[in-house]
Amino acid sequence: MRVTVKIIAIIMLTMPLCFCSCKNESLPKTTLKSVSDFPVGTAININILKKDSTLKELQIQNFNSITATFQMKMDQVAKTDTGYNWETVDDILKYAETHNQRLFGHALVWHSSTPQWVLDKGNKDSLWLDGFMKTYISAYVSRYKGKISGWDVVNEAFESKGSAYRKTLWYNKLGKAYIEKAFLYAHQADPDAVLFYNDFNIERDTLKLNAVLKMVDEFKAKDIPISGIGFQMHIRMDVPDEIIASSLRKAAATGLQIHISELDIIFNKHDDTKNGGKETYTVLTEDMKKMQYEKYKKIALMYREIVPKEQQYGITVWDFTDRDTWVRDFFNIRDWPSLFDDDLKPKPAYFGFKEGLEAAIN
Ligand code: XIL
């Protein structure tokens with residue numbers, strides 16, 4: 038009798054364990070972070086992550102770096118003029134520390150996340166705007182000194198296409214000097230932090246990349262403490278590999294850290310604006326999956342082959358499931374840009390990316 042009770046107890050105790058480890062049986066034994074020489078990151082929404090145990094399990098298994106999709110931006114941290122709200126950032130940091138992951142700071146100054154009250158006040162008073170930027174960056178970076186080791190200091194300071202500086206509140210009121218000031222303020226607050234300039238389309242728009250590189254040269258000449266270039270790398274299947282390779286090569290020649298900071302790969306087109314998607318692919322076919330497998334693999338390979346080891350800050354994907362991707366909401370299109378599918382199963386893209394991370398290279 039006692040033996041039967043013991044056996045039942047053992048079966049009951051081991052059941053949940055088996056359930057846990059069987060849930061992701063489609064995952065290989067090794068995962069992305071375990072095969073990579075550099076941090077492999079993903080953007081996350083901490084609220085979704087904490088609620089969804091399968092998503093969390095996949096995140097912990099595969100990634101050792103996180104970036105908040107939106108919860109660390111200015112319109113979240115400085116929602117009103119009555120003080121900063123650190124609660125969610127602290128929560129994200131706790132998650133990162135608990136799971137031994139690097140927390141990357143995104144983004145200190147970005148036109149798209151400048152709160153309305155800052156736009157209103159800053160528009161009337163440039164001096165105030167400069168002071169606010171200094172206080173905000175100093176407070177944020179020093180609060181997380183040594184805990185957030187890298188930051189996107191300024192995000193998207195150039196127009197979507199070409200070489201012009203983006204005409205934002207910051208630019209209009211403070212001139213292009215706001216960018217170097219932001220780097221100086223961040224550096225003063227944490228001299229050890231790795232400070233990035235981050236932008237999109239620079240892997241394919243040569244004029245835009247050249248403008249960013251020119252800014253980097255100017256910064257170096259003036260001792261402005263920039264330490265890295267972030268390629269958002271929101272790409273489409275048809276962006277030629279050779280162009281991406283040559284852009285990475287040019288950026289790596291600066292000697293700065295290179296972060297592929299927001300990688301995802303879509304099939305449909307968009308015009309870079311909200312709701313600007315043009316949906317021509319409405320289903321994901323086997324052929325498309327295969328092509329995406331190749332592209333993810335190629336990106337990982339190119340990064341490893343072109344960017345010298347000591348400049349490899351890492352590759353971060355922007356959301357890691359098709360279910361949660363920002364692309365669908367933002368551009369208002371169906372698409373499948375991520376490593377995992379709508380049911381949180383790894384896609385061929387996942388295996389391609391993993392192969393690219395682990396393949397032997399010369
Ligand atoms: C996106 C987030 O994923 C969305 O949740 C948010 O609504 C808008 O911003 N480039 C960036 C990111 O630098 O901050 C953007 O993230 C995607 C494009």
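Sequential numbering of the sequence shown, starting at 38, is according to my numbering.
From the three backbone atoms N, C-alpha and C, an ideal C-beta is built for every residue, glycine too.
Remember, predicted model here, so these are calculated numbers, not experimental data.
Between the ligand XIL and the CB of N192, the shortest heavy atom gap is smaller than 7 Å. The bridge partners DSSP lists for L140 are I103 and I185. When C-alpha distances from P277 are compared across D189, K332, F107 and N369, the shortest belongs to K332. Your pair E193 and R203 checks out as a contact, with CB atoms roughly 6 Å apart and the cut at 8 Å. Around the C-beta of R286, fewer than 16 other C-beta atoms lie within 10 Å, and the residue is accordingly described as exposed.
For K315, the three-state secondary structure derived from DSSP is strand. For L246, the uninterrupted alpha helix (DSSP H) segment begins and ends at T243 to A258. The three-state reading of DSSP puts A80 in strand, counting E and B together.
Taking the Cβ atoms as the reference, Y234 lies roughly 17 Å from G199, outside the contact range of under 8 Å. Going by beta carbons, I370 and G314 fall inside the 8 Å limit. It is roughly 29 Å from the alpha-carbon of L376 to the alpha-carbon of V146.
Considered as a whole, the region 285–329 harbours 294–303 as its complete beta strand (DSSP E) runs of no fewer than 3 residues, in chain order. At a cut-off of 7 Å, the beta-carbon of H143 counts as near the ligand XIL: some heavy atom of the ligand is closer than that.
Taken in chain order, the complete alpha helix (DSSP H) segments of 4 residues or longer contained in the region 188–241 are 206–211 and 214–226. In the DSSP assignment, F377 is bridged to T358 and P383. Burial state of G142 is buried, judged by a 10 Å Cβ sphere holding 16 or more other Cβ atoms.
The C-beta of V320 has fewer than 16 other C-beta atoms within 10 Å across all chains shown, which makes the residue exposed. Between the region 243–251 and the region 344–353 there are fewer than three inter-stretch CB-CB distances shorter than 8 Å, so the stretches are not counted as touching. Scanning its chain for C-beta atoms nearer than 7 Å, with the 5 sequence neighbours on each side dropped, one finds around Y121 the residues V114, A115 and A176, in chain order. Distance from the Cα of V126 is smallest, within the candidate group E196, T135 and L140, for L140. Beta-carbon to beta-carbon, V249 and D236 are separated by about 6 Å, close enough to satisfy the 8 Å threshold.
In this structure, DSSP gives R180 a helical state, which the three-state scheme calls helix. Annotated three-state conformation of Y121 is coil, per DSSP. In this structure, the beta-carbon distance from L95 to I85 does not fall below 8 Å. Check the Cα spacing between Q294 and each of W188, F367, L164 and W363: the tightest is with W188. With a cut-off of 7 Å, the C-beta of F107 is classified as near the ligand XIL, since at least one heavy atom of the ligand falls inside that distance. Closest in C-alpha terms to T151, from the list F388, S283, K327 and M111, comes M111.
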